[in-house]
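Protein chains: 2
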Amino acid sequence: MDADELDAFVVIHLPNILYLTGFSGSSGILLITATDAALFTDPRYTFQSKQEVTDAKVKIVRGSLLKELGKHLKSLPRRRIGFEGAHLVVAQKGLLENNAGRIFWTPWDGNVEALRMVKDKSELATMQEAADIACSSWEETLPLVRPGVSETDLAAELEYRMRRKGAAGPAFDTIIASGERGAWPHARPSRKLVKKNELVVFDLGAILRGYSSDLTRTVCVGRASPEMRRWYGAVLEAQQAARHALHPGVTADRVDAAARRVLKEAGLDKKFTHSTGHGLGLEVHESPRLGRGDHSVLRAGAVVTLEPGVYVEGTGGIRIEDDAVVTTSGAKYLTHCNRELIEIG
Amino acid sequence: MDADELDAFVVIHLPNILYLTGFSGSSGILLITATDAALFTDPRYTFQSKQEVTDAKVKIVRGSLLKELGKHLKSLPRRRIGFEGAHLVVAQKGLLENNAGRIFWTPWDGNVEALRMVKDKSELATMQEAADIACSSWEETLPLVRPGVSETDLAAELEYRMRRKGAAGPAFDTIIASGERGAWPHARPSRKLVKKNELVVFDLGAILRGYSSDLTRTVCVGRASPEMRRWYGAVLEAQQAARHALHPGVTADRVDAAARRVLKEAGLDKKFTHSTGHGLGLEVHESPRLGRGDHSVLRAGAVVTLEPGVYVEGTGGIRIEDDAVVTTSGAKYLTHCNRELIEIG
Chain A
1 MDADELDAFV VIHLPNILYL TGFSGSSGIL LITATDAALF TDPRYTFQSK QEVTDAKVKI
61 VRGSLLKELG KHLKSLPRRR IGFEGAHLVV AQKGLLENNA GRIFWTPWDG NVEALRMVKD
121 KSELATMQEA ADIACSSWEE TLPLVRPGVS ETDLAAELEY RMRRKGAAGP AFDTIIASGE
181 RGAWPHARPS RKLVKKNELV VFDLGAILRG YSSDLTRTVC VGRASPEMRR WYGAVLEAQQ
241 AARHALHPGV TADRVDAAAR RVLKEAGLDK KFTHSTGHGL GLEVHESPRL GRGDHSVLRA
301 GAVVTLEPGV YVEGTGGIRI EDDAVVTTSG AKYLTHCNRE LIEIG
Chain B
1 MDADELDAFV VIHLPNILYL TGFSGSSGIL LITATDAALF TDPRYTFQSK QEVTDAKVKI
61 VRGSLLKELG KHLKSLPRRR IGFEGAHLVV AQKGLLENNA GRIFWTPWDG NVEALRMVKD
121 KSELATMQEA ADIACSSWEE TLPLVRPGVS ETDLAAELEY RMRRKGAAGP AFDTIIASGE
181 RGAWPHARPS RKLVKKNELV VFDLGAILRG YSSDLTRTVC VGRASPEMRR WYGAVLEAQQ
241 AARHALHPGV TADRVDAAAR RVLKEAGLDK KFTHSTGHGL GLEVHESPRL GRGDHSVLRA
301 GAVVTLEPGV YVEGTGGIRI EDDAVVTTSG AKYLTHCNRE LIEIG
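Top to bottom, those sequences are chains A and B.
Going left to right, the first sequence walks through residues 1 to 345 as our numbering numbers them.
Going left to right, the second sequence walks through residues 1 to 345 as our numbering numbers them.
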């Protein structure tokens, strides 16, 4: 903040507030100045904030947090204020301006996110646990995958097991997509029944003490066709290439390029319609994005997903996704469950 | 749009896009002009958007949707453009301006939300089903509530049952808060075990075909103390007062005032730290807010929650929440499960 001559920084993105203060509520704004930090929240969080917040003063506000913050900003002697341009909506900024008077606003994005990218030992231990919950829940659900079971029932079984193992909930809308629905990378589970000779994509994750895991496996019910085997092999090889490209100092786009090159050689790059992965932590999608144009440098302690895929309209999809942490010498997976093609029955 | 002399309206809030086009993906921008509508989304949704979107052209964009939209806006003959000030973030607006050239921007909020407030017959049928799923899952979980069971295990059982009944997932982070944790209105389930003589608050909801339900019940494990009975009675009476105040033409703040008055008479209004309810539909919190200062008029077809509560630090909380639809003559509940105090064991 000093380097950018900011007198204060207004944080509204809740995962950033959680990271900086420990506060896990759904309503809050954090104001950081050179000398202190104040969290504005509403009366629903009076007791919770007392227990959770250690490094900031807490102000319980009846009514609009932004109006109150605006008045507070007005009282500051100097008013060059940083804000999160990627999170503050236009109407919020207007409301702040109406209440704060003359202020010099400076978008100040990505600074907390950059701190969050590098996980410390205790964060990594939690993320390992979250990964273990996803993997073992997946392994225990696998025996239930057979012709006639519905996608929603499989989702119920998966999420139940994650909860019973201590997850605070699923890290995102669980994806279960069988047969041609697998060609929708973000399909939500439907009442569709799994059929013989279909591929089934499972994409799931657990939240544990705020941190997410994110795991995808694709299985074949019945015997895979030679074409399916070829696709699966190419996706797995693309993932391995990304894994080998991952080491301290590499940029995000180069990890993506490594996976994409393998799929291009297999003539499948046009069927790989998303980026290779993303940062993982307090958010299930956080910095960096392992895709074209993201030149973020990955340092030891960064956790990313590696999740190449191939999607064929009318037939289905294959995606293999693991969570990997960058180490001082390379990278290692947090998710350890079997990555080879499983054929059921 | 004609009345406000808009040449186009940019929609970025996903529930509004879902309402207007049927598109359920996680990435999209909708541009509406006098003559047509275009949905911009990314290649992950190529197949999904073909199936879901009927009333808009679909443009699949590699790279930034906003840059592409900006170029498109630049090509329009007249450029007075409405946008959602409550959803467009400052950085997105900047990116649009950089790519669209000279544009006269007009915040145009609340118009789609106002349409969404009044549910039609088919929406109400879906919301009734979503409410039934929440109620029956709650009723089936009740026999598992006993000393020694953990909050997370109860959450697992509840969410499992909602899924098995066809829910696409929980409508929000399920709240299970026992004993003094009940004084946190938004407590997430923890590994804490339920103890004898504690109140336990359950707040849960199901998503069905995009629509949410939202239900809260509070039970006592063991016999309730006279004080707990008095609190429970006051909260239930406050809810009944809100229910009686709910009819076509009433404003949102008056429904809140009806509940608050009862708690004030009982000397408990300072312990009721949130608003009486909120609109429910494609979002679990949508317009209106049943609280001070919201003068929205409720019309037949509006669905709102009624959820007064009382929170006592160190002891616990009581909240009773039902979903109610405004009818042509009054209001009726969608959630039918028992609202009386249940004492277990």
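Think of the CB as a built atom: it goes at the ideal place given N, C-alpha and C, for glycine as much as any other residue.
Residue 35/A carries a coil assignment under DSSP once its states are collapsed to helix, strand and coil. Annotation for residue 101/A: 74 place their beta carbon closer than 7 Å to its own, counting only its chain and skipping 5 residues before and after. Chain order gives the chain B residues near residue 90/A as 83, 84, 85, 86, 87, 88, 89, 90, 92, 93, 105, 107, where near means a beta carbon separation below 9 Å.
The three-state reading of DSSP puts residue 213/B in coil, since its state is none of H, G, I, E or B.
As computed with DSSP, residue 82/A is found in a beta bridge with 9/A, 106/A.
For residue 154/A against residue 175/A, the beta-carbon gap comes to about 11 Å, at or over 8 Å, which does not count as contact.
Comparing C-alpha distances from residue 206/B to each of 169/B, 198/B, 237/B, 223/B shows the shortest one belongs to 169/B.
Taking 7 Å as the threshold, the shortest C-beta distance from residue 134/B to chain A does not fall below it. Only those residues of the region 39-53 of chain A whose C-beta falls short of 8 Å from the nearest C-beta of chain B are listed: 42, 43, 44, 45, 46, 47, 48. For the region 178-190 of chain A, residues whose beta-carbon sits nearer than 8 Å to a beta-carbon of chain B comprise 183, 184, 185, 186, 187, 188, 189.
By the neighbour-count criterion, in which a residue is buried when 16 or more other Cβ atoms sit within 10 angstroms of its Cβ, residue 125/A is exposed.
Taking the beta carbon of residue 173/A as reference, the chain B residues within 7 Å of it are 169, listed in sequence order. Taking 7 Å as the cut-off, the beta carbon of residue 29/A is found no closer than this to the beta carbon of residue 9/A. When the Cα atoms are used, residue 184/A and residue 44/B turn out to be separated by approximately 7 Å. Among the bridge pairs identified by DSSP, residue 317/A is matched with 311/A. With a threshold of 7 Å between beta carbons, residue 273/B makes contact with chain A. Looking at the backbone, the Cα of residue 334/B and that of residue 128/B are separated by about 6 Å.
Residue range 121-141 is occupied by the alpha helix (DSSP H) that includes residue 136/B. Against chain A, the beta carbon of residue 152/B has neighbours under 7 Å at 163, 166, listed in chain order. The C-beta distance from residue 276/B to residue 293/B rounds to 13 Å, too long to meet the 8 Å contact threshold. DSSP assignment within the region 148-218 of chain A yields the following whole beta strand (DSSP E) runs of 3 residues or more, N-terminal first: 175-178, 198-204, 206-208.
Taking the Cα positions, residue 345/B is about 16 Å away from residue 178/B. Counting C-beta atoms within 10 angstroms of its own C-beta, residue 227/A has fewer than 16 neighbours from the protein chains shown and is therefore classed as exposed. Remark: C-beta atoms of residue 130/B and residue 213/B approach each other more closely than 7 Å. When rounded, the separation of the alpha-carbon atoms in residue 238/A and residue 65/B is 27 Å.
For residue 256/A, no beta strand (DSSP E) segment is defined; the enclosing uninterrupted segment is the alpha helix (DSSP H) at 252-265. Distance between residue 320/B and residue 263/B, taken at the CA atoms: about 13 Å. At least 7 Å separates the beta-carbon of residue 150/B from that of residue 217/B.
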